[in-house]
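My numbering applies: residue 1 is where the sequence shown begins, and numbers increase by one. Every residue, glycine too, gets a C-beta built ideally from N, C-alpha and C.
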Amino acid sequence: MHHIVRCARCAPSRRRGAGPGHRQHRDRPARRGPGGRSVSSVTKPSEQAAAARPSPWNLPNALTVARIFMVPVFAWLLLSHDGEQDGWRIAATACFVAAILTDNLDGAIARRRGLVTDFGKLADPIADKALTGTAFVGLSLLGELSWWVTGVVLGRELLVTAVRFVVIRYGVIAASRGGKLKTSLQAIALAGYILPVGGLLHAAAVGVMTAAVIVTVATGVEYLVQAVRVRRTGQADVAP
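Right, here's the structure in full:
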């Protein structure tokens, strides 16, 4: 009797729930990739961000690249025959206006469809400044626009670009209405100068160019003030 009790006590007790029909839990084997390496089924945040990032091969960037290629074509049309033939000037005006329209179009499409890319952020302002800079220099070479006007505009753009690279580590200066007004006035004035017209239309172009120069200088000074603020506090609310 004592032997039976002792044997019963010595028998290993079953774990709760370990009866017949109970399946013991086993870890599922990790998925194996090429070379026998385990592959995690959880997507990392960096991988999710990369998957959500739009491809640079899209319509807005294609329009930006097209605008860059239009710059030498525009320069050739403007300077052909020393700018004295109306047909070439009209063609140059059409090329300039088309390039300006693509500038507005590519930005609208990129924002609406979520196609804003790092390439677009870099290439778009380069294309804009290349187009307007070529127009200013070309008109000055033809003797139709004073060199001091071209110098003021291009000097302002170079200064703002240099300052932007200096303060970018401290903060970002957001877009301003003055900067957009400056761009619009420059585009309208340049189109009026390029188009072979005289009389009241040319006088209107001169007036718009005067306003464009004033706004260009004013927004440049405003940007420098904001750059100093960014350098000190890291806060800003205006862009060129």
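If you look at Thr210, you'll find it in the alpha helix (DSSP H) that goes 199 to 233.
Non-local beta-carbon contacts of Val215 in its own chain, meaning distances under 8 Å to residues more than five positions away in sequence, involve Gly178, Leu181, Lys182, Leu185 in chain order. The segment 100 to 108 makes no contact with the segment 139 to 153; the number of CB pairs closer than 8 Å stays below 3. Under the DSSP assignment, Asn104 falls in the alpha helix (DSSP H) whose first and last residues are 86 to 113.
If you look at Gly83, you'll find it isn't in any alpha helix (DSSP H); DSSP assigns it neither H nor E. Counting every other CB atom within 10 Å of its CB across the protein chains shown gives Phe74 a total of 16 or more, marking it as buried. Taking the CA atoms as reference points, Val225 sits about 12 Å from Val167. The three-state secondary structure of Pro196, taken from DSSP, is coil. Here Phe96 is near Ile194, since their CB atoms are less than 7 Å apart. For Val73, the three-state secondary structure derived from DSSP is helix.
Thr117 sits in coil when the DSSP states are folded into three classes, being neither helix nor strand.
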